[in-house]
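Residue numbers (this note's numbering): 14 to 123. Beta carbons: idealized from backbone N, C-alpha and C, even for Gly. Owing to the predicted nature of the structure, the values given are computational and were not obtained by experimental measurement.
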């Protein structure tokens, strides 16, 4: 059940032609670092509970001085205000917004 939102985002992005590296759930910053070293430039984090959304700030903070990495957050308890307060590069209210967010961050023509 906790994978549903993440899996919908993966489907939407792949359907739009984007390459997606699905890291699964409960990812550490070290796991994201491995993905960044392999060429990933947008990290998308989703939370189901308010207790887990607090880890998003750790991810955003970790990459705040890396100009090539963008962090996007979303999930049931997450809001635009929270995304703004932690300095995330993007916020998605639902999986439908994933493609538009990635297009905007990557400079793709919509």
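Beta-carbon spacing of residue i, residue j below 7 Å
| i | j | result |
| --- | --- | --- |
| residue 60 | residue 84 | no |
| residue 66 | residue 91 | yes |
| residue 53 | residue 34 | yes |
| residue 73 | residue 99 | yes |
Residues near residue i in its chain [Cβ-Cβ closer than 8 Å; skip 5 each side]
| i | result |
| --- | --- |
| residue 25 | 108, 109, 111, 112 |
| residue 118 | 55, 83, 85, 102, 103 |
Cβ neighbours of residue i in the same chain (closer than 6 Å, five flanking residues each side left out)
| i | result |
| --- | --- |
| residue 105 | 87, 111, 114 |
| residue 78 | none |
Straight-line gap, residue i to residue j (C-alpha atoms, nearest Å)
| i | j | result |
| --- | --- | --- |
| residue 36 | residue 76 | 17 Å |
| residue 32 | residue 47 | 16 Å |
| residue 22 | residue 80 | 24 Å |
| residue 42 | residue 116 | 24 Å |
| residue 19 | residue 51 | 21 Å |
Residues near residue i by beta carbon distance below 7 Å, same chain, minus five either side
| i | result |
| --- | --- |
| residue 93 | 104 |
As assigned by DSSP and simplified to three states, the class of residue i
| i | result |
| --- | --- |
| residue 108 | helix |
| residue 101 | coil |
Within-7 Å CB hit, residue i to chain D
| i | result |
| --- | --- |
| residue 74 | Annotation note: the requested chain D is absent from the structure, which comprises a single protein chain. |
Enumerate, from N- to C-terminal direction, the unbroken alpha helix (DSSP H) stretches of 4 or more residues contained entirely within the stretch 70-99. 93-99
Counting only runs that start and end within the stretch 27-64, where is the beta strand (DSSP E) found for 3 or more residues in a row? 55-60
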